[in-house]
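In what follows, a single structure is set out as structure tokens and then discussed.
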Amino acid sequence: MAVFFQQIINGLSLGSIYALIALGYTMVYGIIQLINFAHGDIMMAGAYIAFFVVVYLKLNIWWAFIISMIGSALLGVIIERVAYKPLRNATRLAPLITAIGMSLFLENGGLMVLGTDIRSYPGGLITNAQLPLTLFGIRLTATTLQLLILAITIVMMIILQYIVHYTRAGKAMRAVSYDADAARLMGINVDNTISLTFALGSAFAAVAGILLGLYYNNIQPLMGIMPGLKAFVAAVIGGIGLIPGAMVGGFALGIFETMVSGYWSSNLRDPIVFLLLILILLVKPAGLLGKNNTEKV
Amino acid sequence: MGSVKKVALKALALFMAAALIAGCGQQKSGSDKQGVAGANTINIGVNYELSGDVATYGTNSKDAILLAFEEINQKGGVLGGKKINAIVLDNGGKKEEAMSAAAKLITENKVVALLGPATSGATMAAATMATKYKVPIISPSATSPDVTVDPQSKKVRDYVFRVCFIDPTQAIVGAEFATKDLGAKKAAIIYSNSDEYSKGLYKVFKEEFVKDGGQVVAEESFNSGDQDFRPALTRVKDAGADLIYVPAYYGDVGKIVNQARELGIKVPMLGADGWDSPKLAEYAGGAANLNNTYFTNHYAASDPNPRLQAFVKAFKEKYNREPDAFAALGYDTAYLLVDAIERAGSADPEAIRNALASTKDFDGITSKITIDQNHNPVKDVAIITMVDGKQTLKKKITH
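Chains as they are written, first to last, in full-length UniProt numbering: chain A, 1 to 297; chain B, 1 to 399.
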């Protein structure tokens, strides 16, 4: 039983990060029906911005979070304006292919500019102590970092729910997502609302990137590929386009993946995760929370 | 404005295409004198992983080789005054790049011998070209047995040599050290299923450990480059292992050690020469995490051998950093080649090959080296322990 709960702890940390990335996928999909394959690479950019902030500007990790979120949000908006906006009225396939191109551009551009070296955040950025947990009389090990990841994720989700449901910008996002043309007729600036969605999603990706870099103690230019794909799977599991779906999907996938590696084999983890994607698309394409259409953003 | 946008988009597309191409393969030249060897120079090809996942292996080895050639040229060169001209190419750690670099060095630069690459996979790829064109190739650090002996036909590859011990040797020595010196009884093994080096060590270690009276309580495989080892380590912890054998390269090892210590796993961890990298402590989340870890290696910088110490000093002076085993092996490789050229009395690839095959008691800095009938050296294995991030020689075992 101790092993089971320990694996749940491991899965929750990973799932938190997937959920944060999946939110960006799902928000963008919700508003312009585009699967932004460059999203994982924006996450990578966020991780690197934070790295440079702590290493060269010698600021602490909280500043790194803030600066990286702003930087990534800008990057997300620039990508949207340059690569996706001109194709807004093209067929749906065109922006999708552009997104793949943008993803490859960021990965290879990253390799070119940043080099292939694996880098680690300097030690001591956060205190990463072991926390002996006792749950139902079972002794478990978690680290302060794992708790921090979970806490940051939950706080970010609350902030997002607040923005979407209780601000004018959030109302505009929901309106555009529901019907862009009608929203335009109502005087909503659709382009700015879409940009805001990209900015928010990218800022979330930056947080995920930094947490991933801290959790695995390394960052490299291709770090966005696998977590990006996994978060996409998470978004589909939860129901792509639905914010609560991305959260549920992220946590579910993180725990599922950990259980596969923990009780079966690490080598089977990725094949099974992508098999799950195919199964979900075949059996319940709308995702676990698929029927709920009112919260589409 | 429409046309401006179109142009901008086209430019972007072109830029992206250029970035893709640039990302695929980079070649560097370490020498300004390229091309066909003149009457007074001998061209030697140096084909290494200078970028990519194992860039530190290739870079250190290449730097030591260039240092050795510089020393040799300063002392008057080889064969009574000929200078060595090293031509350096980067294969990025990719097999196909290693192969094309080898072909290019042989056909365009007319090299008489190839040195490198550092890893077994890349060496085997480069060796196909060396065999095709009948030019000897020496890898300083390719440890897979298949590099010099074809695993199917069991025939020795005529033109392929190495100066490091082979994987089974270090796994056998590792198992012996684990049972005798560390007193381990229950071992867990975490190995990469996508890497021949790791799989080979895993197989031999398991066999030897059981033969020495131990028991293997957990076997976990992963794919090289995986990030999350916590699920597997949680299982290892539950199995009650008193030793974890991690035969992998430093990038993965760092993550495994870091995550194991985070999960509160304090038992000794043992590895192989893939651990040897100045980056290991950084990837492992700090030097303290590496305490109580050991690995089998080709040499220890703290070995008092005076020639070795002279090399360590010269390397530090030239490159401003500590040499690792790849550097020491690279240095031995360069001198072994020059020794063979002198004994052959000519820079003819065939004559060099024959001289290499009959090497006996060559006095290298890592050990005395005799090349056996399988083109493998008979030499010492060093056991290194990490003490607060510093590699320290624990003991030497001849095998």
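By construction, the Cβ of each residue, glycine as well, lies at the ideal position given by its N, Cα and C atoms.
What does the alpha-carbon distance come out to for the pair residue 132 of chain A and residue 263 of chain B?
Taking the CA atoms as reference points, residue 132 of chain A sits about 10 Å from residue 263 of chain B.
Grouping DSSP H, G and I as helix and E and B as strand, with all else coil, what is residue 56 of chain A?
It is coil, neither helix nor strand.
Report yes or no: is there a C-beta of chain A within less than 8 Å of the C-beta of residue 51 of chain B?
Chain A, which has a Cβ nearer than 8 Å to the Cβ of residue 51 of chain B, makes this yes.
Return helix, strand or coil for residue 276 of chain B, following the three-state DSSP convention.
The three-state reading of DSSP puts residue 276 of chain B in coil, since its state is none of H, G, I, E or B.
Cβ closer than 7 Å: which chain B residues qualify as neighbours of residue 141 of chain A?
Those within 7 Å of residue 141 of chain A in chain B are 263 and 264.
CA-CA distance, residue 138 of chain A and residue 320 of chain B?
If you draw a straight line from the Cα of residue 138 of chain A to the Cα of residue 320 of chain B, it is about 51 Å long.
Proximal residues of chain B, C-beta to C-beta of residue 36 of chain A below 9 Å:
Neighbours of residue 36 of chain A on chain B: none; closest Cβ ~16 Å, over 9 Å.
C-beta neighbour in chain B for residue 216 of chain A, strict 8 Å:
Answer yes: the Cβ-Cβ gap between residue 216 of chain A and chain B drops below 8 Å somewhere.
So is residue 286 of chain B in contact with chain E if we call contact Cβ pairs under 8 Å?
No chain E appears in the structure shown, which is made up of the protein chains A and B.
Take every Cβ of the stretch 196-210 of chain B, pair it with every Cβ of the stretch 236-249 of chain A, and state whether three or more of those distances are shorter than 8 Å.
The stretch 196-210 of chain B vs the stretch 236-249 of chain A: no contact.
Candidates B:359, B:322, B:331 and B:115: closest to residue 72 of chain B by CA position
Its Cα nearest to that of residue 72 of chain B, the residue B:331 stands out among B:359, B:322, B:331 and B:115.
I'd like the span of the beta strand (DSSP E) that includes residue 132 of chain A, first residue to last.
The continuous beta strand (DSSP E) containing residue 132 of chain A extends over residues 130-135.
Taking 8 Å as the cut-off, does the stretch 18-25 of chain A touch the stretch 237-254 of chain A (at least 3 CB pairs, one atom from each stretch)?
In short, these stretches touch, since the Cβ pair count reaches three.
Alpha helix (DSSP H) segments (min. 4 residues) lying fully within the stretch 87-134 of chain B:
Within the stretch 87-134 of chain B, the complete alpha helix (DSSP H) runs of at least 4 residues are 95-107 and 120-133.
May I have a chain-ordered list of the alpha helix (DSSP H) segments no shorter than 4 residues that lie completely inside the stretch 247-321 of chain B?
Entirely contained in the stretch 247-321 of chain B, the alpha helix (DSSP H) runs reaching 4 residues are, in chain order, 250-262, 280-283 and 306-319.
Anticipated Cβ contact below 8 Å, residue 167 of chain B with residue 197 of chain B, distance rounded
Between residue 167 of chain B and residue 197 of chain B, the beta carbon gap of about 6 Å places them in contact (Cβ cut-off 8 Å).
Cα-Cα, which of B:189, B:102 and B:163 is closest to residue 209 of chain B?
Among B:189, B:102 and B:163, the Cα nearest to that of residue 209 of chain B belongs to B:189.
Rounded C-beta distance between residue 274 of chain B and residue 299 of chain B? I'm assuming under 8 Å.
About 15 Å separates the two Cβ atoms, so there is no contact after all.
Any contact between the stretch 344-357 of chain B and the stretch 83-103 of chain B? By contact I mean 3 or more CB pairs, one from each, below 8 Å.
Output reads no: the stretch 83-103 of chain B does not touch the stretch 344-357 of chain B.
Does the Cβ-Cβ distance between residue 127 of chain B and residue 162 of chain B come in under 8 Å?
Their beta carbons are not under 8 Å apart, which means residue 127 of chain B does not touch residue 162 of chain B by this criterion.
Kindly provide the ranges of any alpha helix (DSSP H) runs that are 4 or more residues long and lie completely inside the stretch 205-241 of chain A, ordered along the chain.
The qualifying runs are 225-238.
Helix, strand or coil for residue 37 of chain A, going by three-state DSSP, please let me know.
Residue 37 of chain A: coil per DSSP, three-state reduction.
Looking at residue 173 of chain B and residue 160 of chain B, is the spacing between their C-beta atoms short of 8 Å?
Taking 8 Å as the Cβ cut-off, residue 160 of chain B and residue 173 of chain B do not qualify as a contacting pair.
Which one of B:270, B:306 and B:134 has the shortest CA to CA distance from residue 290 of chain B?
The shortest C-alpha separation from residue 290 of chain B is found at B:270.
Going by DSSP, which residues form a beta bridge with residue 192 of chain B?
According to DSSP, which records beta bridges pairwise, residue 192 of chain B is partnered with B:222.
From A:162, A:220 and A:154, pick the residue whose C-alpha is nearest to that of residue 116 of chain A; which is it?
With distances taken between Cα atoms, residue 116 of chain A lies closest to A:220.
Quick one: is residue 220 of chain B near chain A, going by C-beta distance under 8 Å?
Chain A contact via Cβ: present.
Where does residue 165 of chain B fall in DSSP's three states?
Three-state result, residue 165 of chain B: coil.
Neighbouring residues, chain A, relative to residue 230 of chain B (Cβ below 7 Å)
What residue 230 of chain B touches in chain A: 10.
Contact check, residue 39 of chain A vs residue 21 of chain A under 8 Å by CB: the rounded distance?
Taking C-beta atoms under 8 Å as the contact rule, residue 39 of chain A and residue 21 of chain A qualify, at a distance of about 7 Å.
Excluding the 5 residues preceding and the 5 following residue 101 of chain B in the sequence, name in chain order all residues of the same chain whose CB lies nearer than 6 Å to its CB.
Contacts found: 47, 89 and 91.
Does DSSP classify residue 149 of chain B as helix, strand or coil?
Looking at residue 149 of chain B - three-state DSSP - the assignment turns out to be strand.
Answer with yes or no whether the minimum CB distance from residue 258 of chain B to chain A is below 8 Å.
Contacts with chain A at 8 Å (Cβ-Cβ) include residue 258 of chain B.
If you scan the stretch 104-181 of chain A from start to end, which runs of the alpha helix (DSSP H) of 4 or more residues do you find wholly inside it?
Within the stretch 104-181 of chain A, the runs of alpha helix (DSSP H) that reach at least 4 residues and sit entirely inside it are, in chain order, 144-166 and 168-178.
Check whether the stretch 176-184 of chain A and the stretch 42-56 of chain A touch, using three or more Cβ-Cβ pairs below 8 Å as the test.
Contact fails: fewer than three Cβ-Cβ distances are below 8 Å.
Taking C-beta pairs closer than 8 Å, name the residues in chain B that residue 258 of chain A reaches, listed in chain order.
Within 8 Å of the CB of residue 258 of chain A, the CB atoms of chain B belong to 228, 230 and 231, in sequence order along the chain.
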